[in-house]
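Engineer: Quick one: this structure, given as structure tokens, is what I'll be asking you about.
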Amino acid sequence: MSSLKGKAYFSRGFDTTAVKDDLTSQTEERQLTALHQVIAYMTVGKDMSGLFNEVSAITSSTNVLMKRMCYLYLIQNAKAAPEKAVLQAGTFVKDTLHDSPLVRGAALRTLTLLQLPVMADFATGPLRRCLGDTDPYVRRTAALGVLKYFCSSSSALLEVSLLEKLAELLHDENHAVAAACVSAVLELIARNASPALRRSMLEAQHNLVERLSESNEWSAQQLLEGIAFCIGQKRNGDVVSAQEWLSSAEEALDSVIPFVFNDNLALAMSALKVLTMYVVALSEDPEYAQERQRVEKRFATDIARAIVSKAEAPRYEQRYILLRNVQLYLQTALFRPYFEPHLVSFLIKYDDPVFVKLEKLAVLVELANESNGQKVLNELTIYAKDGDADLSRVSIRSIGIISGRVPTIAADCVMELQKLIKTRVPRIVENSAIVVHTIMRSFPGKYDSIVPTLCDALTVLDDVDAKAAVVWIIGECAEHVRGAISDYLPFFLEDYLNQPRLVQVGVLTALTKLYLRGGDASSEALTKLEEVVNMGVRSPYPDLRDRSFFYARLLTLDRTTAKQILEATESIAPPHTARAIERAGDMELLSELCSLVSVEHTALANVLGSDAIGSTSRYLRNDGNLSDDEEDDEGTFPSADPGDTLSDVHGSGVSPTSASPSGGRKEESVYEVVIPAENGSGLEVSLLWSQIGTHLTLTCRFQLYPGEDHVKQVRVRDLQLRRNMFSLGIGQPFPVFSLEAEDKPADVHLRMAFNNQREPTSELQVAVDIEPIGVLYAVAPPVPPAMLLLPATGVDHGEFLELMQQNPTEAWHMPAQISKIKCAPSRLTVHTLRVHSFELVYSKEFYNEGVHMIAFFLHAETTAKQPLLIEITIDGEEVIWASVRSPYAPIAAFFGEYVLKTLRHIGDAFKNTR
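Counted from 1, the sequence shown has number 362 at position 95 by the numbering used here; the numbering is strictly sequential.
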């Protein structure tokens, strides 16, 4: 048996009785061989939990290899028998004192990986001791162990100040230990572990920079993430002063720049992230207006050159990731000029896979401008004839995009589309027809010469959208097409009732327009129109039947009004000429370079769900409060990261009528109409705020009403919030959708994020981009203050005093002329205040001129992670003083009103119970 090696353990038959005998024998060689086979079978997915007693019995062996294999087994099978795993806790604790650092590290790793809450008391002591171990491997394991146990039992770690010990390791002289600490601290910050960790990261920046020169690639990547975080604090919270931030950033950049051109793509992108954070921070700060041009020219140029140098990465997957990150840069006007000279590097090559070709197309379209537009158009024309259907379709659509983005070459775009239509290749003609339709609506009456060419290719059309596009074009430009009514429209009249819905309605509208224009074709159009109307009124399809009756009656009663309605061509904005409304999250996504966010172009929780890093729904009950056994913890419990939001696409997600703000019982919600139908050309927009767990959600209801002056179909393209005091913005890509007058209301559930820029206004202005109406503006209903606060989860007294020292001035206090508020001090309990998201830190009694008073000190935190320090003084049962301290005065004033409202509510509730 001892001669078995490697794969022999996988191919050998498994005899349970023989393996048990070997494990329980006193022969070390037999036990080791049996362990090898158990681990081999466990590796391929076999259930080995039945051997738990036998394996755990030899955990105390003096053989290091055997001991580590037993640890591996216990990690995988502890959840199947947690009560038995606890019995081994003493062995693990003992092994953390072993002479061998490998055993100490392995024992601690096993102890923290078991993730059993009952093991927290056993783990805290070894973790604290190993954080100061002499061996770097043990310290590194302990640093990651703190993070693991914070997820399962945060209060146990806070009681022994393990987070403070972890923060000290950020200054460790070993690069691997410092890198592991950076990873642990960044995730703890995302889980809202402690405000002091942010300051600890900033204080350790100098050490992180020094460790870069001696680290390997893995450690360097983690260290660079830490440095990028430190530099990003300038724009993510103003944690440090401008001068302090600038001096530390300049020092870091000198050490980071060599990594920008590293062959390791992950390492290079992390270094680019550091440079990007610096450039973005300076470009947004008016203090550095004079230096902005110099900084942008130096570092933005380096960023562009470094990325372009990796455009031909050896693996296609790397090229794809690189191109996705390039698109992030191009979405901001700040970096686009620095990539334009490198247009040639993004041209498609014949051996590129399709997924790379499509990303290169997106980059080329973003880079197109007046100077290189013709070159981009020539490339797109070549790609449009490619044998791959997806590449051909996207290329043709891209021609339409640049025709609107670069109007000087719009005529050349139409000429190239005309050449593509003449190829009479069905998929090319169909996509070209759709693009021509869009261009002609954008530039009415300007490019009618292409219509005869398009009509000559009707026989190759099969796509529904393409047919509907051609029908609309014929109805608008029939005077430019000889025989439009006699030769081309009959193509769609054959088997009319079996045509697709869009084609049926399009033909009816086109014939009505042709008849109303009069002229030589009027009588012929009337004949065809009578045939279509007669077929339409007998149709079982309600939309076509009602439309036919409507047109017939309208033409009979008031031909002048009918002409005014149908003859007006809706002129829409050229496609993609510019962003109609500002996207708040574009700059924020740049801070997530070298991550899944930068590939998906959306928040992490949109991809991974609510259990992604930074989301704490797994730690909270549905009502957003802590479970009963956690309510008395004074440590800071992990709470939701407002930047991570779960994406709900159009028609999906949790309806506001099915979940209350607490996520519990059902209750009917009322929408508030912010854009009436008469102001939105028939489109009514209603908004509703709701809360699912700790996630703030804006539910938008769109409904299109029929009317004389109303549009018949809209395409809702985007919705954004204007700058506000809460930094609220949309935290997900908007799900573009179309809506017709006959459709039911469309509900869109948008998760909020705190990715917007700040302005001192509580009014939330909403901009909705609607085609063909344009951009409509409205004021959203006020957000309930309780939805903007994180659940109260405890705060350490030391942290509270530190925050008080950082905010010595009261940003808001109770107005003197306010009416009296009655509230008994006995009602301000920990549980009562937590219902309103306030944490009672401590209270004290004192006498003022012989009058007995009680002062309460409360802590709250907004979902944007802004602390609120509240002081309330009660004389008898009357509130005589209330103040709020916060780094931002408008926020303090807003929540000060909420504090007074809460006190009134608590006082009234007490009054009613008497």
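Each residue gets a CB set at the ideal place from its N, CA and C atoms; glycine is no exception. All of these numbers come straight from a predicted model, not from anything done at the bench.
Are there 16 or more other CB atoms within 10 angstroms of the CB of GLU295, so buried, or fewer, so exposed?
Structural biologist: As a first step, residue 295 must be located in the sequence shown, where it is residue number 28. Counting Cβ neighbours within 10 Å, GLU295 comes out exposed, since fewer than 16 surround it.
Engineer: Using only CA atoms, which one of ASN1074, GLU1112, ASN529, THR1169 lies nearest to GLN1133?
Structural biologist: Against the sequence shown, residue 1133 aligns to sequence position 866. Answer by Cα proximity: ASN1074.
Engineer: To the nearest angstrom, how far is it from the Cα of ARG990 to the Cα of GLY640?
Structural biologist: For the purposes of this step, residue 990 is identified with residue 723 of the sequence shown, where counting begins at 1. For the purposes of this step, residue 640 is identified with residue 373 of the sequence shown, where counting begins at 1. Their Cα atoms are separated by approximately 34 Å.
Engineer: Can you tell me the Cα-Cα spacing of SER670 and ARG565, whole angstroms?
Structural biologist: Here residue 670 refers to the residue found at position 403 of the sequence shown. Here residue 565 refers to the residue found at position 298 of the sequence shown. It is roughly 33 Å from the alpha-carbon of SER670 to the alpha-carbon of ARG565.
Engineer: At which residues does the beta strand (DSSP E) containing ASN1115 begin and terminate?
Structural biologist: In the sequence shown, the residue the question calls residue 1115 occupies position 848. First-last of the beta strand (DSSP E) with ASN1115: 1106 to 1115.
Engineer: Quick check on the DSSP output: what are the complete alpha helix (DSSP H) runs of length 4 or more inside the segment 697 to 723, in order along the chain?
Structural biologist: Segments of the alpha helix (DSSP H) lying fully in the segment 697 to 723: 718 to 722.
Engineer: Could you check if ILE1085 is buried or exposed, using at least 16 other CB atoms within 10 Å of its CB as the buried criterion?
Structural biologist: On the sequence shown, residue 1085 is found 818 positions in, with the first residue counted as 1. ILE1085 should be labelled exposed.
Engineer: What separation, rounded to the nearest whole angstrom, lies between the Cα atoms of GLY891 and THR291?
Structural biologist: Within the sequence shown, residue 891 is the residue found at index 624, counting from 1. Within the sequence shown, residue 291 is the residue found at index 24, counting from 1. Reliability fails at GLY891, whose pLDDT of 31 lies under 50, so the model's placement of it is uncertain and the value that follows must be treated cautiously. C-alpha separation (whole angstroms): 50 Å.
Engineer: State the Cα-Cα distance for the pair GLY372 and THR408, rounded to the nearest angstrom.
Structural biologist: To locate residue 372, count along the sequence shown from 1; it is residue 105. To locate residue 408, count along the sequence shown from 1; it is residue 141. Going by the C-alpha atoms only, they are around 6 Å apart.
Engineer: State the DSSP-derived secondary structure class of LYS1089, mapped to helix, strand or coil.
Structural biologist: Translated into the one-based positions of the sequence shown, residue 1089 becomes position 822. Three-state result, LYS1089: strand.
Engineer: Can you grab the Cα-Cα spacing for the pair LYS652 / ARG465, in whole Å?
Structural biologist: Along the sequence shown, one-based indexing puts residue 652 at 385. Along the sequence shown, one-based indexing puts residue 465 at 198. Distance between the alpha carbons of LYS652 and ARG465 is about 54 Å.
Engineer: Over what stretch of residues does the alpha helix (DSSP H) that includes VAL643 continue unbroken?
Structural biologist: Position 376 of the sequence shown holds residue 643. That run of the alpha helix (DSSP H) goes 640 to 651.
Engineer: Which ranges would you report for the alpha helix (DSSP H) in the segment 297 to 347 if only whole runs of at least 4 residues count?
Structural biologist: 319 to 324, 331 to 344
Engineer: Would DSSP call TYR583 helix, strand or coil?
Structural biologist: Mapped onto the sequence shown, residue 583 falls at position 316. The three-state secondary structure of TYR583, taken from DSSP, is helix.
Engineer: Does the segment 1023 to 1030 come close enough to the segment 961 to 978 to have 3 or more Cβ pairs within less than 8 Å?
Structural biologist: no
Engineer: Use the C-beta contact count for LEU824: other C-beta atoms within 10 angstroms, 16 or more gives buried, fewer gives exposed.
Structural biologist: As a working note, residue 824 is residue 557 in the sequence shown. Around the C-beta of LEU824, fewer than 16 other C-beta atoms lie within 10 Å, and the residue is accordingly described as exposed.
Engineer: Report yes if the CB atom of PHE613 is closer than 9 Å to the CB atom of ALA578, and no otherwise.
Structural biologist: Walking along the sequence shown from the start, residue 613 turns up at place 346. Walking along the sequence shown from the start, residue 578 turns up at place 311. Yes, the pair counts as a contact, with Cβ atoms nearer than the cut-off.
Engineer: Run the CB neighbour count on ARG664, radius 10 Å, all protein chains shown included, and call it buried at 16 or more, exposed below.
Structural biologist: For this step, residue 664 is matched to residue 397 along the sequence shown. Looking at its Cβ environment, which holds 16 or more other Cβ atoms inside 10 Å, ARG664 is buried.
Engineer: Going along the chain, which residues of its own chain have a beta-carbon closer than 6 Å to the beta-carbon of PHE1123, five neighbours each way excluded?
Structural biologist: As a working mapping, residue 1123 is identified with position 856 in the sequence shown. Within the same chain, Cβ atoms closer than 6 Å to the Cβ of PHE1123 are found at LEU1095, SER1110, ILE1139, the five residues on either side in sequence being excluded.
Engineer: Between TYR782 and the rest of its own chain, which residues show a CB-CB distance below 7 Å, the 5 nearest in sequence each way excluded?
Structural biologist: Within the sequence shown, the letter at position 515 stands for residue 782. So the qualifying residues of the chain are SER789, ALA792, LEU793, LEU796.
Engineer: Indicate whether the contact test is met: 3 or more Cβ pairs, each with one atom in the segment 1005 to 1015 and one in the segment 1041 to 1052, closer than 8 Å.
Structural biologist: Contact fails between the segment 1005 to 1015 and the segment 1041 to 1052, because fewer than three Cβ pairs, one in each stretch, are under 8 Å apart.
Engineer: Is CYS418 helix, strand or coil when you go by DSSP?
Structural biologist: Numbered from 1 along the sequence shown, position 151 holds the residue referred to as residue 418. Look at CYS418 here: in three-state DSSP terms it is helix.
Engineer: According to the Cβ coordinates, are GLU1182 and LEU590 closer than 9 Å?
Structural biologist: In this structure the chain extends from 268 to 1181, so residue 1182 is not present and cannot be described.
Engineer: Reducing DSSP to helix, strand and coil, say where PHE1123 ends up.
Structural biologist: Looking up residue 1123 in the sequence shown gives position 856. PHE1123: strand per DSSP, three-state reduction.
Engineer: Verify the CB distance criterion: does GLU454 have a CB-CB separation below 9 Å to chain C?
Structural biologist: Any reference to chain C falls outside this structure, which holds one protein chain only.
Engineer: Does the Cβ of ALA656 have 16 or more other Cβ atoms within 10 Å, making it buried, or fewer, making it exposed?
Structural biologist: Against the sequence shown, residue 656 aligns to sequence position 389. It counts as exposed.
Engineer: Beta strand (DSSP E) containing ALA1013: first to last residue?
Structural biologist: As a working note, residue 1013 is residue 746 in the sequence shown. ALA1013 -> beta strand (DSSP E) spans 1013 to 1020.
Engineer: Note down the Cα distance separating THR401 from PRO368, rounded to an integer number of angstroms.
Structural biologist: Position 134 of the sequence shown holds residue 401. Position 101 of the sequence shown holds residue 368. Their backbone Cα atoms lie some 9 Å apart in a straight line.
Engineer: For SER1005, which of helix, strand or coil comes out of DSSP?
Structural biologist: Indexing the sequence shown from 1 puts residue 1005 at position 738. Here SER1005 sits in strand by DSSP.
Engineer: Give me the residue from SER1150, GLU1164, PRO1039 with the minimum Cα distance to ALA1078.
Structural biologist: Along the sequence shown, read from residue 1 onward, the residue named residue 1078 stands at position 811. The shortest C-alpha to C-alpha distance from ALA1078 to any of SER1150, GLU1164, PRO1039 is the one to SER1150.
Engineer: Should TRP512 go down as buried or exposed, given a rule of 16 or more other Cβ atoms within 10 Å for buried?
Structural biologist: For this step, residue 512 is matched to residue 245 along the sequence shown. Buried.
Engineer: Check each candidate in THR329, ARG968, LEU1056, SER957 and name the one with the smallest Cα separation from HIS1103.
Structural biologist: As a working note, residue 1103 is residue 836 in the sequence shown. Comparing Cα-Cα distances from HIS1103 to each of THR329, ARG968, LEU1056, SER957, the minimum goes to LEU1056.
Engineer: Per the DSSP calculation, THR1129 is bridged to which residue(s)?
Structural biologist: Indexing the sequence shown from 1 puts residue 1129 at position 862. According to DSSP, which records beta bridges pairwise, THR1129 is partnered with LEU1056.
Engineer: Output the distance between the C-alpha atoms of ARG395 and TYR587, rounded to the nearest integer angstrom.
Structural biologist: In the sequence shown, the residue the question calls residue 395 occupies position 128. In the sequence shown, the residue the question calls residue 587 occupies position 320. The alpha-carbon atoms of ARG395 and TYR587 are separated by roughly 44 Å.
Engineer: Between PRO1157, ALA1053, VAL981, SER1093, which lies nearest to THR1130 when the distance is taken from Cα to Cα?
Structural biologist: Along the sequence shown, read from residue 1 onward, the residue named residue 1130 stands at position 863. Residue nearest to THR1130 within the set PRO1157, ALA1053, VAL981, SER1093 is ALA1053 (criterion: CA-CA distance).
Engineer: Taking C-beta to C-beta, are ALA374 and TYR404 nearer than 9 Å?
Structural biologist: Residue numbering aside, residue 374 sits at position 107 when the sequence shown is read from its first letter. Residue numbering aside, residue 404 sits at position 137 when the sequence shown is read from its first letter. The answer is no: Cβ separation not under 9 Å.
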